[in-house]
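Beneath this line is the structure, given in structure tokens, with notes to follow.
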């Protein structure tokens, strides 16, 4: 398994929080490692998570886990370095399952921001 590139200085932003209830569904639950918590977005298309790393990172796979019944059908990953424009890294098609899903990239991606 690849090592995580997340650290305490990683900045995270999200498109929305369900009913603006950040105490129960906020972004702090994205990477807390606990099965009983989660970030929950409002309904609608184009919900997103933005992860800004403190330095350039090399990404070769992404781990994603949804609550069962609340998966998206397509995740478009975009990345950039510095203040460049976002470019599409990959499309992934997660299963509607609450199991951990791992998507490998065909080549390593160097970036500072992943959306």
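Residue numbers (this note's numbering): 3 to 117. Backbone N, C-alpha and C define an ideal beta-carbon position, used for all residues, glycine too. Being a predicted model, the structure only gives us computed values, none of them experimental.
1. Establish whether the CB of residue 102 and some CB of chain C are separated by less than 8 Å.
2. Any contact between the region 91-105 and the region 40-60? By contact I mean 3 or more CB pairs, one from each, below 8 Å.
3. Starting from residue 90, trace the alpha helix (DSSP H) both ways and give me its first and last residue.
4. Among residues of its own chain, excluding the 5 on either side of residue 56, which ones have a beta-carbon nearer than 6 Å to its beta-carbon?
5. By alpha-carbon positions, which one of 24, 54, 25 and 5 ends up nearest to residue 14?
6. For residue 35, is the classification buried or exposed, using 16 other Cβ atoms within 10 angstroms of its Cβ as the cut-off for buried?
7. Please tell me whether residue 52 and residue 79 are closer than 8 Å, where the distance is taken between their beta carbons.
8. Just to confirm, are residue 60 and residue 94 a CB contact at a threshold of 8 Å?
9. Please classify residue 72 as buried or exposed, where buried requires at least 16 other C-beta atoms within 10 Å of its C-beta.
10. Can you check which of these residues, 28, 83 and 110, is closest to residue 92 by C-alpha distance?
11. Would a C-beta distance cut-off of 8 Å place residue 67 and residue 107 closer than the cut-off?
12. Taking the C-alpha atoms as reference points, what is the distance between residue 16 and residue 31?
So, from the listed chains and residues:
1. The chain labelled as chain C is not found in the depicted structure, where only one protein chain is given.
2. no
3. No alpha helix (DSSP H) contains residue 90, which is instead part of the beta strand (DSSP E) from 89-94.
4. 11
5. 54
6. exposed
7. no
8. no
9. exposed
10. 110
11. no
12. 11 Å
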